[in-house]
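Engineer: Dumping the structure here so I can ask a few things about it.
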Amino acid sequence: MKKKILIVMPGALELGGVERSLIGLLSSVDYDYYDVDLFLYGHHGTLFPMIDPHVNVLPECQELAHLRESFVDKIKHKCVYSAVLRLRDAVYSIFHDVNNDRTWAQVMRHCTKPLAEHYDVAMSFFLPFDFLHERVDASIKIGWIHTDYSAEKADFTYLLSQYSRLNMIVAVSEACKESFSSVFPQLASRVIVIENILPADFVKKNAEAFHVSGEMPQKGISLLSVGRFCEAKNFDNVPDICRRLVADGLDVKWYLIGYGGDEALIRQKIDEAGMQARVIILGKKDNPYPYMRACDLYVQPSRYEGKAVTVREAQLLGKPVVITDYATSGSQLEDGADGVIVPMDNAGCAAGIAALLRDPARMQQLSENCAKRDYTNSAEVEKIYALMED
Numbered sequence: 006m007k008k009k010i011l012i013v014m015p016g017a018l019e020l021g022g023v024e025r026s027l028i029g030l031l032s033s034v035d036y037d038y039y040d041v042d043l044f045l046y047g048h049h050g051t052l053f054p055m056i057d058p059h060v061n062v063l064p065e066c067q068e069l070a071h072l073r074e075s076f077v078d079k080i081k082h083k084c085v086y087s088a089v090l091r092l093r094d095a096v097y098s099i100f101h102d103v104n105n106d107r108t109w110a111q112v113m114r115h116c117t118k119p120l121a122e123h124y125d126v127a128m129s130f131f132l133p134f135d136f137l138h139e140r141v142d143a144s145i146k147i148g149w150i151h152t153d154y155s156a157e158k159a160d161f162t163y164l165l166s167q168y169s170r171l172n173m174i175v176a177v178s179e180a181c182k183e184s185f186s187s188v189f190p191q192l193a194s195r196v197i198v199i200e201n202i203l204p205a206d207f208v209k210k211n212a213e214a215f216h217v218s219g220e221m222p223q224k225g226i227s228l229l230s231v232g233r234f235c236e237a238k239n240f241d242n243v244p245d246i247c248r249r250l251v252a253d254g255l256d257v258k259w260y261l262i263g264y265g266g267d268e269a270l271i272r273q274k275i276d277e278a279g280m281q282a283r284v285i286i287l288g289k290k291d292n293p294y295p296y297m298r299a300c301d302l303y304v305q306p307s308r309y310e311g312k313a314v315t316v317r318e319a320q321l322l323g324k325p326v327v328i329t330d331y332a333t334s335g336s337q338l339e340d341g342a343d344g345v346i347v348p349m350d351n352a353g354c355a356a357g358i359a360a361l362l363r364d365p366a367r368m369q370q371l372s373e374n375c376a377k378r379d380y381t382n383s384a385e386v387e388k389i390y391a392l393m394e395d
């Protein structure tokens, strides 16, 4: 008899690193031996059509599907309960911090019923875990860690309440595991490492989908960074780093793909650095891979990471990569072999990038080394199978 697996994704399948890793996992399962149900908050997003056809996608809940939308949009979709909570939170946030995960939990409790099926393993690929905890019957419950909690400002009391109810906790890198264990030592024995599984065919096929010369002219040196515009990604320091590269005599343009709450800050920093013609915000792209293929150097200037999927994707496309020396950087790449780790401060970061750009032979060697390596981590799915056999 086939084993039953449930995967919960609290959100839709937009083109984020966590979502792409989920698609990679689903593409690696042996469906001759395992039945997989997938519960998504929303049946939409760029990656939704990429779900393996063997996967049974469970019906969505309308209130959850439109959870992230504005008050007006919720009313349009007749999501009255979550609209009232959105209005309540808007008023409350004037005086207090609002934990959206708790609001989501309220919507989940009001609008969903327990799943009828019993599962051998049920896993939630992202926070919050309330649906997994309260609506799922499973022998083993697993939750994922995708960030470095030792560097993040978070509600640790809330996080402990979420993670402590799990049988197993999955970290996406050894360094991510260590940082989580340092914050929650009482849960350290439950943490295992399962690397992000990447859908290589999807990445390579989409990299050839169209040309980007109109948006990224082949003049000078093209740098690229992809990610959410938030504190963790550190894109607000890109204008000053770029200014230092230009002052050092390098003809560079630095392109940013993404969206998020820090966009206004990034634009302000671009103006302050006088980099309007050098740091180009391309915005949200459903398919970032042609831009990765076109860049000369991929840069991840993050303040902290769990394990950046975008770095792996750039390496999978054979691109030289630079990352900053964030706490988990050593688990992201092999410094000097398939990428370069540079200092976190702006001056050191710029100096490290400049040294690499002035060494074409080294750039070429990094690309060749990346082309020889397997970044898909497809064998990682065996670790999930092993949990069901223990």
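Counting in our numbering, the sequence shown runs from 6 upward without gaps.
The beta carbon of each residue, even a glycine, is placed where N, CA and C say it ideally should be.
(1) Look at the alpha carbon of G265 and the alpha carbon of E236, and state the distance between them as a whole number of angstroms.
(2) Could you tell me whether the Cβ atoms of P293 and V231 are closer together than 8 Å?
(3) Who pairs with T329 in a beta bridge, going by DSSP?
(4) Tell me, please, which residues DSSP counts as bridged to L229.
(5) Taking the CB atoms as reference points, tell me whether F44 and A17 lie closer together than 8 Å.
(6) Mapping DSSP to helix, strand and coil, what is V188?
(7) How big is the Cα-Cα spacing for D412 and A384?
(8) Can you tell me which residues form a DSSP beta bridge with W149?
(9) Alpha carbon to alpha carbon, what distance is there between E277 and P365?
(10) State yes or no: is the C-beta of M280 nearer than 7 Å to some heavy atom of the ligand GTP?
(11) In three-state terms, what does DSSP make of A391?
(12) Starting from A143, follow its DSSP beta bridges and name the residues at the other end.
(13) Can you give the Cα-Cα distance for P295 and S218, rounded to whole angstroms?
(14) Can you give me the C-alpha to C-alpha distance between G279 and L255, rounded to a whole angstrom?
(15) Ignore the nearest five residues each way along the sequence and tell me which others in T381's own chain have a CB closer than 6 Å to its CB.
(16) Around the Cβ of R114, are there at least 16 other Cβ atoms within 10 angstroms (buried) or fewer (exposed)?
(17) Flag this pair as yes or no: are the beta carbons of Q305 and A313 separated by less than 8 Å?
(18) Just how far apart, CA to CA, sit L229 and V243?
(19) Spell out the partners DSSP gives I197 in its beta bridges.
(20) Helix, strand or coil for L321, going by three-state DSSP, please let me know.
(21) In three-state DSSP terms, what is S129?
(22) So, at 6 Å on beta carbons, what are the nonlocal neighbours of W149 in its own chain, with the 5 sequence-adjacent residues on each side left out?
(23) Among the candidates A332, F207, V327, P15, whose CA atom is the shortest distance from the CA of F136?
(24) Assuming A212 and L371 are in contact, meaning their beta carbons sit under 8 Å apart, how far apart are those beta carbons, in whole angstroms?
(25) Taking C-alpha atoms, which residue in P222, Y168, H216, E220 lies nearest to V196?
(26) Just list the residues that DSSP pairs G288 with in beta bridges.
(27) List the endpoints of the continuous alpha helix (DSSP H) containing T161.
(28) Please report the residue range of the beta strand (DSSP E) in which F53 lies.
(29) Give me the Cα-Cα distance between G22 and D340, rounded to the nearest whole angstrom.
(30) With distance defined between alpha-carbon atoms, name the residue in A214, H48, W109, E310 nearest to A151.
(31) Give me, in chain order, the residues of the same chain whose beta-carbon lies closer than 6 Å to that of D142; leave out the 5 immediate sequence neighbours on both sides.
(32) How would you label K238, buried or exposed, when you count the other beta carbons within 10 angstroms and need 16 or more for buried?
(33) Any idea what DSSP makes of P207, helix, strand or coil?
(34) I need the boundaries of the alpha helix (DSSP H) containing I275, first residue and last residue.
Structural biologist: From the atom records:
(1) Counting from one through the sequence shown, the residue named residue 265 turns up at place 260. Counting from one through the sequence shown, the residue named residue 236 turns up at place 231. So the two alpha carbons sit approximately 10 Å from each other.
(2) To locate residue 293, count along the sequence shown from 1; it is residue 288. To locate residue 231, count along the sequence shown from 1; it is residue 226. For the 8 Å CB-CB criterion, P293 and V231 form a contact.
(3) Within the sequence shown, numbered from 1, the residue matching residue 329 stands at position 324. BP columns for T329 point to V347.
(4) On the sequence shown, position 224 is the one that residue 229 refers to. Answer by DSSP bridge pairing, in chain order: Y260, Y303.
(5) For the purposes of this step, residue 44 is identified with residue 39 of the sequence shown, where counting begins at 1. For the purposes of this step, residue 17 is identified with residue 12 of the sequence shown, where counting begins at 1. Result no, Cβ atoms of F44 and A17 do not sit closer than 8 Å.
(6) Mapped onto the sequence shown, residue 188 falls at position 183. Correct three-state label for V188: helix.
(7) Nothing about residue 412 can be read from this structure; the chain reaches only from 6 to 395.
(8) Here residue 149 corresponds to residue number 144 of the sequence shown, with the count starting at 1. According to DSSP, W149 bridges with V175.
(9) Reading the sequence shown from its first residue, position 360 is the one you call residue 365. Reading the sequence shown from its first residue, position 272 is the one you call residue 277. Those two C-alpha atoms are separated by around 31 Å.
(10) With respect to small molecules bound, the structure shown includes none, and the ligand GTP cannot be examined in it.
(11) As a working note, residue 391 is residue 386 in the sequence shown. If DSSP states are grouped into helix, strand and coil, A391 belongs with the helices.
(12) In the sequence shown, the residue the question calls residue 143 occupies position 138. Bridge partners of A143: Y124.
(13) Within the sequence shown, residue 295 is the residue found at index 290, counting from 1. Within the sequence shown, residue 218 is the residue found at index 213, counting from 1. About 10 Å.
(14) In the sequence shown, counting from the first residue as 1, residue 279 sits at position 274. In the sequence shown, counting from the first residue as 1, residue 255 sits at position 250. Between G279 and L255, the C-alpha separation is close to 16 Å.
(15) For the purposes of this step, residue 381 is taken as residue 376 along the sequence shown, with counting starting at 1. The answer, listed in chain order, is L203, A205.
(16) Sequence index remark: in the sequence shown, residue 114 carries index 109 (1-based). With fewer than 16 other Cβ atoms within 10 Å, it is exposed.
(17) Taking the first residue of the sequence shown as position 1, residue 305 is located at position 300. Taking the first residue of the sequence shown as position 1, residue 313 is located at position 308. Yes. Within cutoff.
(18) Sequence index remark: in the sequence shown, residue 229 carries index 224 (1-based). Sequence index remark: in the sequence shown, residue 243 carries index 238 (1-based). Approximately 11 Å, taken between the alpha carbons.
(19) The residue you call residue 197 lines up with position 192 of the sequence shown. Paired residue(s): V175.
(20) Against the sequence shown, residue 321 aligns to sequence position 316. Here L321 sits in helix by DSSP.
(21) Reading the sequence shown from its first residue, position 124 is the one you call residue 129. Strand, per DSSP.
(22) Taking the first residue of the sequence shown as position 1, residue 149 is located at position 144. Around W149, the same chain offers F130, V175 as residues with beta carbons nearer than 6 Å, after the five sequence neighbours per side are excluded.
(23) Working through the sequence shown from its first residue, we reach residue 136 at position 131. If we check each option's Cα against that of F136, P15 comes out closest.
(24) Here residue 212 refers to the residue found at position 207 when the sequence shown is read from its first residue. Here residue 371 refers to the residue found at position 366 when the sequence shown is read from its first residue. About 18 Å separates the two Cβ atoms, so there is no contact after all.
(25) Locating residue 196 in the sequence shown gives position 191, counting from the first residue. The closest CA to that of V196, considering only P222, Y168, H216, E220, is found on Y168.
(26) The residue labelled residue 288 in the question sits at position 283 within the sequence shown. I262.
(27) Counting from one through the sequence shown, the residue named residue 161 turns up at place 156. Sequence inspection shows Phe at residue 161; the Thr mentioned does not correspond to that position. For F161, the enclosing alpha helix (DSSP H) stretches over residues 161-168.
(28) Along the sequence shown, read from residue 1 onward, the residue named residue 53 stands at position 48. Careful: F53 lies outside any beta strand (DSSP E) and carries neither H nor E.
(29) Your numbering for residue 22 matches position 17 in the sequence shown. Your numbering for residue 340 matches position 335 in the sequence shown. Straight-line spacing of the CA atoms in G22 and D340 works out to 22 Å.
(30) Translated into positions along the sequence shown, residue 151 becomes position 146. The amino acid occupying residue 151 in the given sequence is His; Ala does not appear at that position. When only C-alpha atoms are compared, the closest one is E310.
(31) For the purposes of this step, residue 142 is taken as residue 137 along the sequence shown, with counting starting at 1. So the qualifying residues of the chain are H123.
(32) Here residue 238 refers to the residue found at position 233 when the sequence shown is read from its first residue. Classification for K238: buried.
(33) To locate residue 207, count along the sequence shown from 1; it is residue 202. The question names Pro, but residue 207 is Phe in the sequence shown. In the structure shown, F207 sits in a helix (DSSP, three-state: H, G or I).
(34) As a working mapping, residue 275 is identified with position 270 in the sequence shown. Following the DSSP letters along the chain, one finds I275 inside the alpha helix (DSSP H) bounded by residues 268-278.
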